[in-house]
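*Asks:*
Protein chains in written order, with the numbering used here: chain A, 1 to 492; chain B, 1001 to 1303; chain C, 2001 to 2661; chain D, 3001 to 3214.
(1) Quick one: give me the first and last residue of the alpha helix (DSSP H) that residue 2107 (chain C) is part of.
(2) For residue 3211 (chain D), return the contacting residues in chain C, with the cut-off set at a CB-CB distance below 7 Å.
(3) Looking only at C-alpha atoms, which of B:1226, B:1215, B:1286 and B:1250 sits nearest to residue 2665 (chain C)?
(4) Any idea if residue 2591 (chain C) is buried or exposed, counting beta-carbon neighbours within 10 angstroms, 16 or more meaning buried?
(5) Check whether the region 1104 to 1121 of chain B touches the region 1248 to 1267 of chain B, taking contact to mean three or more Cβ pairs, one atom from each stretch, closer than 8 Å.
(6) In the DSSP assignment, find the unbroken beta strand (DSSP E) run with residue 2552 (chain C) in it and report its ends.
(7) What do you reckon, are the CB atoms on residue 2510 (chain C) and residue 2325 (chain C) nearer than 9 Å?
(8) Keeping to the same chain, check which residues put their C-beta closer than 7 Å to that of residue 2283 (chain C); ignore five residues upstream and five downstream.
(9) Residue 490 (chain A) to residue 2052 (chain C), Cα distance in whole Å?
(10) Taking the C-alpha atoms as reference points, what is the distance between residue 3214 (chain D) and residue 239 (chain A)?
(11) Going along the chain, which residues of the region 3002 to 3035 of chain D sit with their C-beta nearer than 7 Å to a C-beta in chain A?
(12) So, for residue 3016 (chain D): in the same chain, excluding its five sequence neighbours on each side, which residues have a beta-carbon less than 7 Å away from its beta-carbon?
(13) Whose C-alpha, out of B:1180, B:1302, B:1278 and B:1109, is nearest the C-alpha of residue 1237 (chain B)?
(14) Please confirm if residue 3173 (chain D) has its CB atom under 9 Å from at least one CB of chain A.
(15) Flag this pair as yes or no: are the beta carbons of residue 1058 (chain B) and residue 2554 (chain C) separated by less than 9 Å?
(16) Rounding to the nearest angstrom, what Cα-Cα distance links residue 2068 (chain C) and residue 479 (chain A) in this structure?
(17) Quick check: is the beta carbon of residue 1197 (chain B) nearer than 9 Å to any beta carbon in chain C?
(18) Comparing the C-beta of residue 3157 (chain D) with each C-beta of chain A, is any distance below 9 Å?
(19) Measuring alpha carbon to alpha carbon, tell me which of B:1093, B:1007 and B:1130 ends up nearest residue 2438 (chain C).
(20) Using a Cβ-Cβ cut-off of 9 Å, state whether residue 3163 (chain D) counts as contacting chain C.
(21) Residues of chain A with CB under 8 Å from residue 2140 (chain C), in chain order?
(22) Excluding the 5 residues preceding and the 5 following residue 3195 (chain D) in the sequence, name in chain order all residues of the same chain whose CB lies nearer than 6 Å to its CB.
(23) Out of curiosity, what's the CA-to-CA distance linking residue 1136 (chain B) and residue 2538 (chain C)?
(24) Does the Cβ of residue 3066 (chain D) have 16 or more other Cβ atoms within 10 Å, making it buried, or fewer, making it exposed?
(25) I'd like to know whether the C-beta of residue 168 (chain A) is nearer than 9 Å to at least one C-beta of chain D.
(26) In the DSSP assignment, find the beta strand (DSSP E) that holds residue 37 (chain A) and state where it starts and stops.
(27) Starting from the N-terminal side, write out each stretch of the alpha helix (DSSP H) that is 4 residues or longer and does not extend beyond the region 3057 to 3106 of chain D.
(28) Report the CB separation of residue 2096 (chain C) from residue 2236 (chain C) in whole angstroms; it is logged as a contact under 8 Å.
(29) In chain order, which continuous runs of the beta strand (DSSP E) of length 3 or greater are located wholly inside the region 84 to 122 of chain A?
(30) In chain order, what residues of the same chain have a beta carbon less than 7 Å from the beta carbon of residue 2012 (chain C), not counting five sequence neighbours either side?
(31) Could you tell me whether any Cβ in chain C is nearer than 9 Å to the Cβ of residue 332 (chain A)?
(32) Could you please give the first and the last residue of the uninterrupted beta strand (DSSP E) stretch that includes residue 2607 (chain C)?
(33) Go ahead and pull the three-state DSSP assignment for residue 3145 (chain D).
(34) So, at 7 Å on beta carbons, what are the nonlocal neighbours of residue 139 (chain A) in its own chain, with the 5 sequence-adjacent residues on each side left out?
(35) Using a Cβ-Cβ cutoff of less than 7 Å, which residues in the same chain neighbour residue 99 (chain A) once the five nearest sequence positions on both sides are dropped?
(36) Assuming residue 2436 (chain C) contacts residue 2577 (chain C) (C-beta within less than 8 Å), just tell me the rounded distance between them.
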C-alpha cells in the first residue's frame, strides 16, 4: 500500500515527461492525485505493514499529514487542469513590468508536480530520520522548478532565494541528523539505527547536550523550510511569484511536511525528557512568527504575499500549540488540517482573481463581488475562515489552543496571542473587504468575466471541508487527532 | 374630601391668568404707567376664543392638535400638583416625575407646531426652547429628588404635606438653594426675564412668543391659557416648598399660599422691571447654575 | 422546547429555500419572509409560556467539537430576550419584503434573505446557548450574518467602510469574549454554564471587565460604539431595525447572563455600569443631536438607549450588592423593560427611516421637509416612535425610564456618599438625556415631516407600500399598548429577577406589586390625558364649525419672498446645543463666507465625527501602523540578510541553550 | 593519524580565513576545490587507508565533483560574466577575517560545551567543522556575487561533511547519501539557476535580486 502511495505519483511524474499530449498529461495528473487520495483513505481503515526494515511505515502523525497532503493535491490537480489550460505555453506579457516571457514547458511542470507529491508522501511515511531528511531535501528540488513556472526575473529571484535559503536550512538539518547520531553513539545505546521507534525507546540513554543541539539544528533547519520567523524569508517571495496552485501546495502541504520533521525530533527529545526545553523554543518561535507576520500583513500591498505571511502566522500557531502542550497539541493538529484546507482554498481563489484582474496589488483590485460573484464570496469566506471566525474550523483549533494556554496559567501568552490575532484580523480585513467590495476596478475587461466551474469547484470543496470541521469534527478524525496529540505529548 | 381635590384643580383653572395680570400691573407700576386691567388676560382669552382663525398653508394637522395636547397636559398636571396643602385628584408615588415629563410632552408639541409653520423665526424660537429646557430639566428633577430624599416620600402631595417649618429649621440651606433653583426654573420655563422677554418686539430675540407667532383665534387662546396654567403650577411647586403652612384650617392654608403666589407674581414683575434680558449666550450659564444649586441641595441633604 | 426547535427549523428552511431561488426574487423573498414570520410565531409561544410560568426548559445533545455540547436552555431571561427577537424580526421581515422589492433586478435577494434568517436563528441560539463554545459560535454567526446584511450594497464606498469597521469591532469584542469564556470554563471545569463553582473575587472581577468590553462592543457602550453609526446607515432599513432593535441587545443579554454566573457583585461593578450607562446615554444623545443623516442619528440613539438600559442594570446591581429589594426590582425591571421598549420604538423608527429613504432617496435631514402631507402613515407612526423614544408619557418609553427614576427616588440604602452619587448620576443623566432626546426628535420630526419641502426629492415623496405600512403600524400600536398595559407587562420580572439574584421571591413580589400599583395610577392618568385630548379635539372641531377659517402664508416678518430654503434647518436647530457641548462634540465647521459688498454665495458645512473614533481609535491605529511600518526594513529583499537571520538564530540558540547546559 | 587529521583541520581553518580575506574569485574557487579534494581523502584516512570499494567510490565521486567539475563550472560562469573580483562586499575583507576569528573562538567555546560521548581521533574536528560551517554562512552573508554565495554554500557543506565523516561512524549510509544530495544541490540546481540568472540579468550580482521585499 505504501508502495502504491509512493509509486503512483512517481510513475505519473515519469509519464508526464514522456507524453506529448497536453490534455492527456493533465488527465494523468488528476488521475494520479485522485487515486493517491483514494489509497490514502483506504489506509485509514487498513493496517499498513512497515517496509525496508522499519525505515518506512505509516504511523498516526504520518497518516494525518499524508491525508492533508493528498486531499490538497487532489483539489489542486483539478485546479491545475484549469490553470494549465489558461496558461498554455504561449508567449506572455508580464503585467507588472510589461516584459515578455514564456512559461516553463508543461511537461516539466506536471512532472515536477507529481514528483513533489511523491517526495512529500515519502516525508510522511519515513520513520527513519535520515530518510526523512532526504525526502525533505527532495521536496525542495522538486518544487524549485514549480516556482519558476513563469519564466521572468521576479520568479527567478524567488526561486533563487527559495533554493539558497532552503538549502542552507536543510543542510543545517543534516547536521542535526549527524548530531542525533552522535548523541546515540553512547555505548549504552544498543540499536544505533535512526529509526524513530527505536530512538524513542532508548531516548533516555541519549547524550543530552548533543540531543539538545540536534534539536536546535532541526528547529532552525526544518524551521527554515517550515517558515518560522525569522527563518521564513523565502516564503513570501516564493508564494507570491509561484503559480497559485503551487502556492497552495507549498503553503498547505510542504510547510506541514517540514513541520512533521520538527515533530519527529520533538518526539525523540520529549521521550528523552527534554520536552520542556523544546516546548519553550517552540513557543518562542511561534510567537515570533505570529508577530512578524502581523507586521507585514498590516499594510501589505500584494495579496499573495499577504497570504504567504498569513501562512507564517499559522505556522507560528502550530508551533505555539505544540509548545503549549496538553490540549493545545490537539488544537495544533486540528489547526494543521484547517489551515491547509483554508489556505489552499484562498490561494486558488487568489489565482482566479489574478487571472481576471491581472494584478497582485490590493489597491488595484476592487469589486470582486460584482465581477466574479462566486470568487468574491469564496474570497470573503476564505478570509473569515483564515482569521478564525466561526463556523469555520480554524476558530475551533485556535479556541482550543487559547483555552489550553489559560488552563496552564499562561495568560500572558494567551493575551499576546489574542492581540496579535486581532491585529492580523484588522490588517487582513482591510485588504480582503476592500478587494471584494466596492466598485469594480476600471482595469477589468467585461469579457474577462469568466468563472469556469473547474476553477471554483476545488476551492469550494476545500472551503466546505473546513466548514464541516468547524461545525462538527467527525469521530474518525477526532480519534486520529487525539492519537496524534497523545503521541506528541499532549492530551485533551 | 373630593370637594377639596376638585377645588385644588379648579383653583388653578380659575386663578392662573390672574398671575399674568398681576405681573403686568407690577411692571406697569414700575414703569410709571397705569397699565392694563388686572383681569386683562381673561378678556384676551375670551376675545380670542370668539375669533376666527387663520392657518398657514404650510401647516399640517400637528399645528392644530398641538394646542389641544398642550392644554390637556396642563389639566392633568393640575390634578397632580397640590396647592396650599389641598389634596389632589391624582396622587401616586413618582407623580413628580410624571409632572416633569408632562411638560416635556407639551413642549414637544409646541416645538413641533413652531416647526410646522416653515418660518425660520419660529424655528429659531423652537431651537432655543429645546436648548434651555434640556438644561432646566436636570435642575427641576434633581431639586425634586433632593426634597424627595429629605422627606422620604416620592409623591408631590406627600412631600409637600411633610415639609413643615421644622424641616426648614433643620435644612434651611438646602431649602434655600432649592428655592432659588426653582425660581430660576420658574422664570425660564415660563419664558420670563432674564431668560426670555415676552414683551419684546423683535422676533429674533424671543423664545416662547415667537413659537406661537402663527397661531390665531381660539388656538392662541388655548395656548395663552395653558401658559398661564403652567406658570401657576410651577408657582405652586415653589409655594409648596417655601410656604409649608399645614394648619388644620384649609382656608388659612390656601390663603397663605395664594398670598405667596401673589408675591411671586409681584416678584416676577419686579425682576422684569429691574433686570434686562440676559444675552442668549449667557442663559445656559444661568440654567446650569440652577442645576448646580439643585445638586448642592441634594449633597447637603444626603451628606 | 420541541416547538421552539420546530420554529427555528421553519426559519432555517425558509432561508435555505430562498438561497436556491436567486433567479426568482419575488418568490425567494416571500418564502424566506414567510419562513421567518411563521417560524417566529411558532417559536414565540414557548417563550411566552416560559416567561409566564418561570419554568425553564432545556435540552442537551452531544456535539463533537472540543469542549462543545449542544446545551440549550430557555429560562425566563432567555424568554424575555427571545420575545422581541422573534417579534421584531418577523415584523421587520414583512417590511423588508416591500422594502427590497425595488432591488430585485440588481441584487440577489435570495442570499440576503438567507443571511437574514440565519441572523434570526443565530440570535435565538445566542440567547438560549448554555455552553461557551456554542455561545461563541452562535455569537459569531450572528455577527457574520449581520455583516453580510450590512454590506448588502457592497459596491458603495460607504458600505464598504461600514462593513470593515463593523467586522473589526466585532472581532475585537469577540477576542475578549473568548478570553472570558475560556477563563470561566477553565475555572468551572466545563464550558457548560450549569456547572458553576464559586469564583474568587479577583477572577470574577477580571471576568466582569472582559464581559463589559466583549459584550459592550456588541451593545454599543460608549468607547466601543464606533461601529454603530457606520453600520446602521449602511444596512437596509429592516436590517438596521433588527440590528439596533434586538441584535445589540444580545450584548445586554450577555451582560445579564454574566451577572448570573459571577456571584455577588462588589459595589464597584455597579458604579462601572452606572457610569458607562450615563456616559453612553448622554454622549450618545449629544452626538445624535449633531447628526445630519437620519439613520446615523438613530444609530447614536441606540447608544443612548443602551446607556439607559445599562443605568437600569447598574441600579439593579447596586440593589443586589446593598441588599435593597426596591433597587433590585425597579432597576432591573426598568432596564429590562427598556430592552423591550427600545426594540419596539427603535425598530419602528428605523422602519420609518427606511420608508423615507425609499421614497425620497435620501436620509439627509436637511434635504427633506413637509413630507407629512405626502406620507401621513409614516409621519404618524414616526411621531409615535419619537414620543416614545423621547421618554414622554403616555407611551412605553416613559414607563421604563420612570421605573429607573423611581428606583433611585425610593432607594432606602441610607445616606452618605454611597447614596448620593448614584442618585445624582442617575437622575442627572436621565433628565439630561430626556431633554436632549426631546430636542433631537423634535428636530428630526420637525425638519423631516413638517414645514415645506426643501428639495425636489421631498416634494415628490410618496407613501410606503402596504407591507411596509403594516409593519410600522403594528410597531406603533405596540408602543401604545406597552405603555397602557405596563402594569401587567412588568409582571414579566416576576420570573426574570429571581434568575438574576438570590433575593427571595416574596420580596420581589411585594415590590413588583407596588410598582404595578403605581403604574396603574400612571395608566389612569394617561388614559384621562388621552380622553381629555379626545374631548377637547371634539370641542375644538365644534368650536370651529361656526368660525371663519382662512388659509394664508406663514407670517414672514416682512420678508418679500420667503422660500422653503429659508426654513430653519436641522443644523441650525441643533446649533445652540451643539455649541454648548462643543467640548465633547468637537464639530468641524467649514465656513466660506464672501466678504464683498454684495455678498454672493457663501456656505457652511458642519460635520461631527465621533470623538472616540477621532481621538482614540484613529490615532491609536495610526500610531500602530506607523510603528509597524518602521519595522518593515526587517525584510527588504536581500538574501544576505535572510541568511544572516538563519546564522544568527542558530548561533544565538546554540550559545544560549548550551550555556545553560 | 591523529596528527594527519589535526593538520587537515588546521588547513581547513586557514583556508577558511583565506576565503574570507580574498577578493579574487578565481583564487577562491581554487581554494574551495583544494578543500574539497583534501576532505575527499579524509574517509580513506579514517579507515586507515584500508581499501574498500564503496568508500573509495564515495571519495572518488566527491573529489571529482568538488575538485574538478565544480571549479570548472564556476570558472566558466566567472568568465562568462567577466567578473574576476568580488566588488564592494557587504562586509569588508579585513573585517571578515576579524569576524572569522571571532567565530572561531565562539566555535571553540561551543564545542567545549559539547563533549563528545565517545572517544575521538582529533579534538579539533568539532570546533573546526563548526567554524567551517560558520565561515561558509559568513561568506554567503557578506558577499554580493552569486558565485561567491555558491562557494559559501560549498564551504558550509564542507563543514557538515567534516562532521559527518569524522564523527558519525554508525551511519555511513546516511552520511554519504546526505552529502551527495547536498553536493548535488549545490552543483546542479544552483548551477542551473545561476545559468538562468545569468541569462535573465546578464550578470550574477545578487544585488539585483532584491525586487521582492516587504
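Even for Gly, the Cβ is constructed at its ideal location relative to N, Cα and C.
Source: prediction; values computed, not measured.
*Replies:* The structure says:
(1) On the third chain, position 107 is the one that residue 2107 (chain C) refers to. Note, residue 2107 (chain C): premise wrong, no alpha helix (DSSP H); not H, not E.
(2) Sequence index remark: in the fourth chain, residue 3211 (chain D) carries index 211 (1-based). Near residue 3211 (chain D) (Cβ distances below 7 Å), the residues of chain C are 2637.
(3) The structure shown does not extend to residue 2665 (chain C), since chain C is modelled only from 2001 to 2661, so the question has no answer here.
(4) Position 591 of the third chain, counting from 1, holds the residue named residue 2591 (chain C). Exposed, since its Cβ has fewer than 16 Cβ neighbours within 10 Å.
(5) no
(6) As a first step, residue 2552 (chain C) is located in the third chain; it is residue number 552 there, counting from the start. Unbroken beta strand (DSSP E) run through residue 2552 (chain C): 2549 to 2552.
(7) In the third chain, counting from the first residue as 1, residue 2510 (chain C) sits at position 510. In the third chain, counting from the first residue as 1, residue 2325 (chain C) sits at position 325. Yes. Within cutoff.
(8) Sequence index remark: in the third chain, residue 2283 (chain C) carries index 283 (1-based). Excluding residues within five positions, the ones whose Cβ falls inside 7 Å are 2222 and 2584.
(9) Counting from one through the first chain, the residue named residue 490 (chain A) turns up at place 490. Counting from one through the third chain, the residue named residue 2052 (chain C) turns up at place 52. The alpha-carbon atoms of residue 490 (chain A) and residue 2052 (chain C) are separated by roughly 49 Å.
(10) In the fourth chain, counting from the first residue as 1, residue 3214 (chain D) sits at position 214. In the first chain, counting from the first residue as 1, residue 239 (chain A) sits at position 239. Computed Cα separation, rounded: 13 Å.
(11) none
(12) Numbered from its first residue, the fourth chain carries residue 3016 (chain D) at position 16. For residue 3016 (chain D), where only same-chain residues beyond five positions count, the Cβ hits under 7 Å are 3100, 3131, 3132, 3135 and 3155.
(13) As a position in the second chain, residue 1237 (chain B) is number 237, starting the count at 1. Of the candidates B:1180, B:1302, B:1278 and B:1109, the one whose C-alpha sits nearest the C-alpha of residue 1237 (chain B) is B:1180.
(14) For the purposes of this step, residue 3173 (chain D) is taken as residue 173 along the fourth chain, with counting starting at 1. Yes, its Cβ sits closer than 9 Å to a Cβ of chain A.
(15) Here residue 1058 (chain B) corresponds to residue number 58 of the second chain, with the count starting at 1. Here residue 2554 (chain C) corresponds to residue number 554 of the third chain, with the count starting at 1. Cβ atoms of residue 1058 (chain B) and residue 2554 (chain C): closer than 9 Å.
(16) The residue you call residue 2068 (chain C) lines up with position 68 of the third chain. The residue you call residue 479 (chain A) lines up with position 479 of the first chain. One C-alpha to the other measures close to 16 Å.
(17) On the second chain, residue 1197 (chain B) is found 197 positions in, with the first residue counted as 1. Chain C, which has no Cβ nearer than 9 Å to the Cβ of residue 1197 (chain B), makes this no.
(18) Numbered from 1 along the fourth chain, position 157 holds the residue referred to as residue 3157 (chain D). Closer than 9 Å to some Cβ of chain A, the Cβ of residue 3157 (chain D) qualifies, so yes.
(19) As a working note, residue 2438 (chain C) is residue 438 in the third chain. Each of B:1093, B:1007 and B:1130 was checked against the Cα of residue 2438 (chain C), and the nearest Cα belongs to B:1130.
(20) The residue labelled residue 3163 (chain D) in the question sits at position 163 within the fourth chain. Answer no: the Cβ-Cβ gap between residue 3163 (chain D) and chain C never drops below 9 Å.
(21) Position 140 of the third chain, counted from the first residue, corresponds to residue 2140 (chain C). Going along chain A in sequence order, the residues near residue 2140 (chain C) (Cβ under 8 Å) are 389, 390, 391 and 395.
(22) The residue given as residue 3195 (chain D) occupies position 195 in the fourth chain. Around residue 3195 (chain D): no qualifying Cβ.
(23) Here residue 1136 (chain B) corresponds to residue number 136 of the second chain, with the count starting at 1. Here residue 2538 (chain C) corresponds to residue number 538 of the third chain, with the count starting at 1. For residue 1136 (chain B) and residue 2538 (chain C), the distance between alpha carbons rounds to 34 Å.
(24) As a first step, residue 3066 (chain D) must be located in the fourth chain, where it is residue number 66. Buried, because 16 or more other Cβ atoms sit within 10 Å of the Cβ of residue 3066 (chain D).
(25) Counting from 1 along the first chain, the entry for residue 168 (chain A) is found at position 168. Cβ-Cβ to chain D under 9 Å: yes for residue 168 (chain A).
(26) Stepping through the first chain from its first residue, residue 37 (chain A) is reached at position 37. In the DSSP assignment, residue 37 (chain A) falls outside any beta strand (DSSP E) and within the unbroken alpha helix (DSSP H) covering 22 to 45.
(27) List check, alpha helix (DSSP H) in window: 3070 to 3081.
(28) The residue labelled residue 2096 (chain C) in the question sits at position 96 within the third chain. The residue labelled residue 2236 (chain C) in the question sits at position 236 within the third chain. The beta carbons of residue 2096 (chain C) and residue 2236 (chain C) sit about 7 Å from each other, so the pair counts as a contact at 8 Å.
(29) 91 to 93 and 100 to 102
(30) The sequence position of residue 2012 (chain C) within the third chain is 12, counting from 1. Once the five neighbours on either side are set aside, the close Cβ partners of residue 2012 (chain C) are 2117 and 2121.
(31) Numbered from 1 along the first chain, position 332 holds the residue referred to as residue 332 (chain A). With 9 Å as the cut-off, residue 332 (chain A) does not count as an interface residue toward chain C.
(32) By 1-based counting over the third chain, the position of residue 2607 (chain C) is 607. If you look at residue 2607 (chain C), you'll find it in the beta strand (DSSP E) that goes 2603 to 2607.
(33) Taking the first residue of the fourth chain as position 1, residue 3145 (chain D) is located at position 145. The answer is strand: DSSP assigns residue 3145 (chain D) an E or B state.
(34) One-based indexing of the first chain puts residue 139 (chain A) at position 139. Within the same chain, residue 139 (chain A) has close Cβ partners 116, 119, 120, 123, 254 and 257.
(35) In the first chain, residue 99 (chain A) corresponds to position 99, counting from 1. Cβ-Cβ distances below 7 Å link residue 99 (chain A) to 152 in the same chain, with the five nearest sequence neighbours on each side left out; the list follows chain order.
(36) Along the third chain, read from residue 1 onward, the residue named residue 2436 (chain C) stands at position 436. Along the third chain, read from residue 1 onward, the residue named residue 2577 (chain C) stands at position 577. Indeed they touch by this definition, with Cβ atoms about 7 Å apart.
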